[in-house]
Amino acid sequence: MRTIGRTFSLPARKAAPLPHSPNLERLSSSPQRSTELHSPLSPQSPGSPIYPDGVFTKLWVAKHQRQVPALLIAFFELSADEDSAQNEQIQIDINAIRTALGISGFKTRIAAVLMSDRSILRAPELADRLTAIRRATTLDTKTGLFFMPPMSSQAEIATYVQTMLTALQPLAVEYYRDLTKHARRKKIRGGPAGSSTTPVDGGAHALSTSGWNARYEVKQGVFAEFRQEMEVAERHYSAALEELFGSDGILEATPSWSPRWDEARLLCDVVALRVLRCELWSDLTTSAVISWTNYKARMRDLVDRRGKGTQTYSWHAWETRWAEIMAQLIQRAAVPAFRAALGRANEDSSELAALALYAPTEKTAVATERLPPFHLLHHPGYWLRLAVSSARARWLVALAIPEEDRTPPGQSPASAVAYRSKNYDTFLASDPHEEYPLAEGHGYDHIADISRLTDEAIREFALRSQGRATDRLNFDLAQQLAATERFPAALDRLVPIWEECSWRDDDWNDLVVPLLTLLHDCARRCGNVEVHVATAWELLSLSSPTGPDGLLEYLRSSWPKASDVTVRFEDRQRHSPLNARFAFGKSETHVGDQVECQLTLWSQAPPGTPALTLSKVKVTVGTSKTITITNKRERDWSPDGSVLYDFKDVATENADGSLVLEADLRLPHAQKRIYGFRLSFKEAGVLRLQQLSLQLKDEQLSIEHTYSDPNLVRGASFFAQVGDVLEARPLPCADATAVTVLPKPPKLQMVVHGLLQQYYLNEVITLELELVNDEAEAVDATATVSAATSEDRTVAVRWQGKEDNGHELDIGMLRASAARRASLYMTAPLEPAVCTLALEVKYTLISDPSTPLSKTMDVEVSIVEPFQATYTIGPLLHSDPWPSYFAAHQKDTHDQPEGIKQRWRQNSLLRSCAADALLIRAVRLVKASDSPDAECSMSDPTALEDHLLEPEHEMHVPSEFTTQKLSFDDRRPTSLNLMLHVDWSRGQDAETVTAILEVPRLNLPSSEPRVLCTVANDESGEHGLTLQYHIENPSGHFLTFALTMEANEAFAFSGPKYRTLSLAPVSRVCVQYRLLVHDEGDEAAEGRGNGRWIWPVLQVVDSYYNKALRIHAGGPEVKIDEKGKLGIRVVEAEE
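Residues 1 to 1135 (the UniProt record's numbering) make up the sequence shown, in order.
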């Protein structure tokens, strides 16, 4: 698509006829030649560049791409204020354009766009004008005539244009389909029509039938591409290639020295390129690679058979261009596999990395077919690397051109020029004198071309993080730059590879040595002293660049004027000709104790290299301790055998902890030098080797290699001199560069006195800590104590004489062999737990106050419950009269309770859980909290004598309390929270401890009827007693009860055997029975001291609910047994 002005010239559709004059001979000749005119670009037109036997010219493609449009879109302004004159002018212009196109003979379609200053909604009269224009021009409003109202935004304009082009696309497709039909008809004719001219040699060189077929196949392929029918285009292009390569094709029938042969080769390249483009457009990646490979092999065979062979620089130039074109096609095709990978390059996924390297096989490939890797479409960098290889081969072939062939034609004899044209292939390449000229700067720059292709390939490989490929490409280019003596450019390429060299990390010395050698030479030629020194140091570990001289001598001779040159390396940043190993003799030591260390050095320079002499070795352990070994030559030094230098008994540390040694640091080839010394540490912890530095230095140069990674210098053995033999003993520890410094072992002894097996809740625990100084001198000590449970709850603990939570106690000066005691108190928690008492004594020796020592002890204290209790509760008779409806009663105060007083008895069965006998001093029932709707008062606890409760034994403890509702009308149950306090001690003189036992929550009924039985002794009779049954009705209802007294052999009773009793609401009635207990003879006499029990049975049944009421013991001498029976204790009077 292109923009034109108001005028546009179309090319001639037919060639001009040849001029000729009429004569009798021509008039009388009987066979008339055809006078049909052809296209100016046809092989049948004498003015055509391919006349008479050419197949195709690039002008034909340019004609249909730039000169003959498929669709002409004309834009006209349409004003709403103008009259019909504007309409008529637009109609005249459109019809004039259509007439001109018809006269030209081309079938170009036309469309018109009317740009108005108003929309039809604002100017409805525009609709009638549009209709008139449409009728006058016969343009279809859907595909030929468009109305464009005014638009305010670029997005709106873009949308309108896109819609218009979508509507016009079928017209362009139809145009190229008509041209395809025309080309197909001409091909079906089977050959060219008769020409109006005849070649001078009688037509022997006219285009063959296969040439015409190839010509029309190419045309149909181009038209199919214009229609974006890529599969159809590929078929036509493939057919054209077969016609050109066929046995009767142009490439086989035309002599290789003819220019038409080169034109046919170029046409084949263009057609093959279009095949690749069609396949990439259709996402047939594997097919594209196979087509590229097959065409290259086919062309190689052709050139070997009919050309000048494939060992020429022309063929390598063609290979370079063919690979570069493939890379450009892949870049422009935007293959989805590569585009998706680049779009998500930040994601760390091996699958995405694979997609970025090559495209997967297309779906049309057979699943079971195993394709070789080079048949998968790789990214453009792969093809550019092939182009680099071919460009390098072209350069090497060009370097072999003889000097006589490099002379320009103007300076060479004609025979030499003819010889060159016969023996040199210049297809898509320069002549020999331009390919490798005698004078520099006047010919083809091979290095510039190789550099350009290499940079493009590196960009693609770097985009996919293929570092090894980029390094290799840069290295190869640097070699070629150095070969052409472009040393600065080569140095710029080599230095980044050298600094971040992965070959060094992978021990690829076959690549590292050439890299270092080339870089070493380039640095020397460019005057880069630092790089030259660094590469010499690194090369010394792989080869010997210094010759018979030492390293420093070689460098001084190379740079005699250099001064203060310092080169530093770290870890594996560079190869080193020296190896270093450091090891501690053992993995653990104590503060103040000495530990043996060994530093082993040896040279791995090539044999025959002079010994390397270090000026200084520095070792840093931990954060502050340094060991420095300086060089001191020995007279009896020998390069043979390994040597152990032992400084363990002669070297002492300075005040700051540093150690300075002097030794011979000359290192011959493969002979170890071991330096042994002792170190001591004043702080506990894990100390590691932090840094090891090797330094070579003289007046001009300084080389320092520093190791900060302990893994690179970790020793695995310790050396010992056994006679004349140096014996290596393996170390048992995995990391010999680290030592664990333990605190100095304390000799202060700690003993805890008074610790019992168990302690009990809320008990104050008293312990004594005894400190015994077993050190050889006096110490200054401080004791610290803390306590916590297993649930990490803190427990109160303090030293005697300290305030609450006084955890620290200053022991002060404690002389050697002296002892001192200190008491501590701990309050047991209120819940069972196992408490850990942590004791720590920190002290320092008087002679060494800067070294702290500590001794710790953990003591477990078991805290358990001393008692468990079970409870039973029952009602008792309260002696106060009940309120009556018939007697007025006024409260004394507003806060005085109004309800009925109820008396209760709780029996507690106390059981000892302690491991020791405990002395029970008092037991009392207390309220845990006040009830919101009732008042509860506790009776005085029963006086107890001190009772010794043995382990696992029980004791009964009765308790009484009274409840009264605050409101007389409150009939809800009364809820009480009570606790049982037990005062106990471990002995008569021991401190009393109160154990608190929770009583389950009590819900006491306040509105249910009940029956209480009490006993009133009858003093008038010998065996008489009176039973009183108190029937209470605290409810608000009238209740009727049936009472039945059962006969019993143990006594006789006086009273109703059966009666009915009615109770008013809130009332209490007493029913009495007088009993006469029978004499039991001897049995009665035996129990006369404690009395005996009788078991009367009175049944009280609610007449309405027919429910029997339970009879409770309401006072002394009455009990309820386990079966719920009521028992009366009878005590007979003594005679």
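Glycine residues also receive a C-beta, built at the ideal position from the N, C-alpha and C atoms.
Around the beta-carbon of T3, fewer than 16 other beta-carbon atoms lie within 10 Å, marking it exposed.
With fewer than three CB-CB distances shorter than 8 Å, the stretch 636-650 does not count as touching the stretch 579-587. Where A1108 is concerned, the enclosing beta strand (DSSP E) starts and stops at K1107 to L1109.
A781 is not a Cβ neighbour of L809, given a cutoff of 7 Å. In the structure shown, E791 falls within a coil segment according to DSSP collapsed to helix, strand and coil. As for any beta strand (DSSP E) of minimum length 3 sitting wholly inside the stretch 493-579, the runs are 565-570, ordered along the chain. Secondary structure note for E174: its alpha helix (DSSP H) is the uninterrupted segment Q154 to I188. When C-alpha distances from L1025 are compared across A1050, H1037, T1044 and V270, the shortest belongs to A1050.
Just measuring C-alpha positions, the residue of W537, F487, D431 and P514 sitting nearest G527 is F487.
Taking all protein chains in view, the Cβ of Y843 is crowded by 16 or more other Cβ atoms within 10 Å, so the residue is classified as buried. Here the alpha carbon of P932 sits roughly 44 Å from the alpha carbon of H807. E174 places its beta carbon 7 Å or farther from that of S210. The beta carbon of E727 sits closer than 8 Å to those of F719, A720 and Q721, all from its chain and outside the five residues before and after it, given in chain order.
Scanning its chain for C-beta atoms nearer than 7 Å, with the 5 sequence neighbours on each side dropped, one finds around V531 the residues V495, L519 and A523, in chain order. Counting only the Cα atoms, C1013 lies some 49 Å from Q757. Collapsing the DSSP output to three states places H375 in a helix. The three-state secondary structure of Y436, taken from DSSP, is coil. In the displayed model, N773 falls within a strand according to three-state DSSP. One thing to note: L477 has its Cβ no nearer than 7 Å to the Cβ of R459.
Each residue's CA atom was taken as its position, placing L1098 and T963 some 27 Å apart. Just measuring C-alpha positions, the residue of L976, R793 and V741 sitting nearest A928 is L976. C1070 is classed as exposed because its beta carbon has fewer than 16 other beta carbons within 10 Å across all chains shown. Straight across, the Cα-Cα distance linking F475 with E596 is about 48 Å.
Sixteen is the threshold: when 16 or more other Cβ atoms of the shown chains lie within 10 Å of the Cβ of E538, as they do, the residue is buried.
Taking all protein chains shown into account, R305 has fewer than 16 neighbouring C-beta atoms within 10 Å of its C-beta and is therefore exposed. Distances from the alpha-carbon of W318 to those of S430, V113, H379 and S967 put S430 closest. Taking A80 as reference, the option from L853, K107, M115 and R215 with the minimal CA-CA separation is M115. Distance from Q691 to Y707 at the Cβ level is roughly 7 Å; contact confirmed, criterion being Cβ atoms closer than 8 Å. The C-beta separation of N95 from I133 comes to about 11 Å, leaving the pair out of contact by the 8 Å criterion.
The Cβ neighbour count for M826, taken over all protein chains shown within 10 Å, is at least 16; the residue is labelled buried. Its Cα nearest to that of P373, the residue Y358 stands out among Y358, D593 and R385. Counting of Cβ neighbours within 10 angstroms places H705 among the buried residues, the total reaching 16 or more. The beta carbon of Y759 sits closer than 8 Å to the beta carbons of I765, A828, V861, S862, I863 and V864 from its chain, once the five residues preceding and following it are set aside; these are given in chain order. DSSP places P380 in the uninterrupted alpha helix (DSSP H) bounded by P380 to L399.
Looking at the DSSP output, Y843 sits in a beta bridge with A781 and L853.
With fewer than 16 other CB atoms across the displayed protein chains lying within 10 angstroms of its CB, D792 is exposed.
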